[in-house]
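Novice:
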Amino acid sequence: MQARTVAEAVGCARYTYRLRVPSAARVALEAEWDRCRWVWNECVARAKKDHQDGESCGPARLDKMLTGARSATPWLAAGSSVPQQQIIRDYAKARAKALKDITDRLPLGRRAGLPKHKRKRVSRPTLNYTRRGFRLRGGRLHLAGGIAMGVVWSRALPDEPSSVRVHRDSLGHWYASFVVPAAVQPLPSAGAVIGIDWGVTETATTTSDAHDLPHARHGHKAKEKLTHYDRMMARRKPARGQAASRGYREAKRLRAKAYTRIARQRQDAARKWAKRVVREHDVIAVEDFRPKFLARTSMARKAADAAIGATKRALVEMGRKHGRDVRLVHPAHTTMDCARCGARAKHVLPLSERTYTCTACGAVSPRDKNSARVMLLRAGLDPAGVDRVRLDRSPSERAA
Numbered sequence: 147m148q149a150r151t152v153a154e155a156v157g158c159a160r161y162t163y164r165l166r167v168p169s170a171a172r173v174a175l176e177a178e179w180d181r182c183r184w185v186w187n188e189c190v191a192r193a194k195k196d197h198q199d200g201e202s203c204g205p206a207r208l209d210k211m212l213t214g215a216r217s218a219t220p221w222l223a224a225g226s227s228v229p230q231q232q233i234i235r236d237y238a239k240a241r242a243k244a245l246k247d248i249t250d251r252l253p254l255g256r257r258a259g260l261p262k263h264k265r266k267r268v269s270r271p272t273l274n275y276t277r278r279g280f281r282l283r284g285g286r287l288h289l290a291g292g293i294a295m296g297v298v299w300s301r302a303l304p305d306e307p308s309s310v311r312v313h314r315d316s317l318g319h320w321y322a323s324f325v326v327p328a329a330v331q332p333l334p335s336a337g338a339v340i341g342i343d344w345g346v347t348e349t350a351t352t353t354s355d356a357h358d359l360p361h362a363r364h365g366h367k368a369k370e371k372l373t374h375y376d377r378m379m380a381r382r383k384p385a386r387g388q389a390a391s392r393g394y395r396e397a398k399r400l401r402a403k404a405y406t407r408i409a410r411q412r413q414d415a416a417r418k419w420a421k422r423v424v425r426e427h428d429v430i431a432v433e434d435f436r437p438k439f440l441a442r443t444s445m446a447r448k449a450a451d452a453a454i455g456a457t458k459r460a461l462v463e464m465g466r467k468h469g470r471d472v473r474l475v476h477p478a479h480t481t482m483d484c485a486r487c488g489a490r491a492k493h494v495l496p497l498s499e500r501t502y503t504c505t506a507c508g509a510v511s512p513r514d515k516n517s518a519r520v521m522l523l524r525a526g527l528d529p530a531g532v533d534r535v536r537l538d539r540s541p542s543e544r545a546a
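Using this note's numbering, you'd call the opening residue of the sequence shown number 147 and step up by one each time.
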């Protein structure tokens with residue numbers, strides 16, 4: 147009973163694998179995507195019409211529309227009903243989120259936006275199958291409609307998958323993403339806590355010098371190569387209304403390959419750092435920092451290369467996977483508060499000022515290190531001896 151409770155608390159996880167798709171299966175997948183894309187566009191058109199007529203448009207109404215369309219259109223009925231029903235669920239979820247953002251009166255920059263038409267040359271194939279729409283036999287993936295593909299099993303699935311998403315990336319590679327129940331994989335107690343502050347000079351500054359994450363600058367290192375591909379595309383850019391040349395398509399593929407490599411390097415570095423932090427600390431106080439606003443500043447390129455959001459997400463997911471206590475701390479005034487006495491500076495510190503000096507107690511420390519210790523204070527942890535704090539000691543023993 148306890149194991150099931152822990153698994154329910156964690157939820158589900160995705161395991162993604164590369165697919166070996168034969169030519170016949172690729173043609174069938176693209177045909178299935180054409181049908182699903184048509185269903186999505188019909189849902190968009192039906193929702194607009196019902197809104198103009200003052201009627202509601204929910205998943206049940208769209209399911210009824212799909213049933214009528216399949217009975218009247220042999221081309222649509224030739225495909226499996228499972229991915230077509232799932233794309234209606236995805237549309238309903240996206241529309242509900244957009245309407246909720248409007249009801250909550252979120253700023254325009256933070257709203258999800260109503261679903262739009264999927265254009266053939268822009269949208270990438272994404273097919274979702276529930277348990278009744280796919281099977282795993284002999285290490286191969288069999289989809290509804292007689293589509294069979296080989297799976298590159300880089301690791302074993304921990305449990306029976308409940309659904310699978312088959313999609314194609316910008317390089318034309320096909321992947322299968324399985325959803326399985328996620329169980330906690332507990333680690334031995336480390337007897338330590340840590341505070342983490344996000345930044346641009348260093349991606350993560352912690353209360354322990356050994357766990358600071360320097361800015362890897364993967365994008366900056368590949369800048370020359372990306373600029374070369376951009377110039378290749380600019381020279382070969384087709385005129386409006388004309389098909390792209392072979393050289394343009396090749397330059398576009400090389401550019402996408404370079405960006406994919408950078409993204410994987412960032413993801414790999416983030417996961418390795420997160421695993422090390424989670425393995426060596428029981429409680430982690432993390433700044434709940436949202437770097438989206440940096441896209442409108444002069445630090446946009448450097449902040450994007452730092453991948454703060456992806457690193458934070460990897461840390462939270464790794465902590466949840468191994469049952470660690472990850473506490474998100476509100477970032478307001480963390481650079482203005484003193485970690486020793488708690489006094490707040492009377493003015494906002496400019497980014498050029500990298501040393502924090504408290505006017506109340508006279509404490510002097512690096513700005514990011516001070517912020518990392520403030521995370522521990524706001525998370526309810528004792529900052530004294532923060533690198534190796536025993537969590538099993540009572541407050542009286544710590545005071546002694």
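Backbone N, C-alpha and C define an ideal beta-carbon position, used for all residues, glycine too.
#1: Check the C-beta distance from E178 over to P229 and give it rounded, since I have them as a contact under 8 Å.
#2: When you compare each of T480, I293, E499, S202 to L165 by their alpha carbons, which one comes out closest?
#3: According to the Cβ coordinates, are S316 and A397 closer than 8 Å?
#4: Within 8 Å, do at least three Cβ pairs link the region 336-347 to the region 510-520?
#5: Going by beta-carbon coordinates alone, are A415 and K371 separated by less than 8 Å?
#6: Between the Cα of E188 and those of K383, Y161, L245, H263, spot the shortest distance and give me the residue it belongs to.
#7: Buried or exposed: where does A449 fall if 16 or more other Cβ atoms within 10 Å of its Cβ makes it buried?
#8: For M378, tell me which candidate among P360, L303, R399 has the shortest Cα-Cα distance.
#9: Could you work out which residue in T373, M464, P332, Y161 is closest to L303 when comparing CA atoms only?
#10: Let me check one thing: in DSSP terms, what residues is W344 bridge-paired to?
#11: Keeping to the same chain, check which residues put their C-beta closer than 8 Å to that of A223; ignore five residues upstream and five downstream.
#12: Buried or exposed, going by whether 16 or more other CB atoms sit within 10 Å of the CB of H374?
#13: Could you tell me which residues DSSP puts in a beta bridge with F592?
#14: Rounded to the nearest angstrom, what separates P437 and V510 at their Cα positions?
#15: Starting from the C-beta of R382, find all residues in its chain whose C-beta is less than 7 Å away, skip the five residues before and the five after it, and write them out in chain order.
#16: Please name the residue, chosen from Q232, Q198, S226, Q411, that lies closest to L208 on a Cα-to-Cα basis.
#17: N274 bridges to which residues according to DSSP?
Specialist: Per the coordinate set shown:
#1: 6 Å
#2: I293
#3: no
#4: yes
#5: no
#6: H263
#7: buried
#8: R399
#9: Y161
#10: A350
#11: R216, S217
#12: exposed
#13: The structure shown does not extend to residue 592, since the chain is modelled only from 147 to 546, so the question has no answer here.
#14: 27 Å
#15: S391, G393, Y394, A397
#16: Q232
#17: R311
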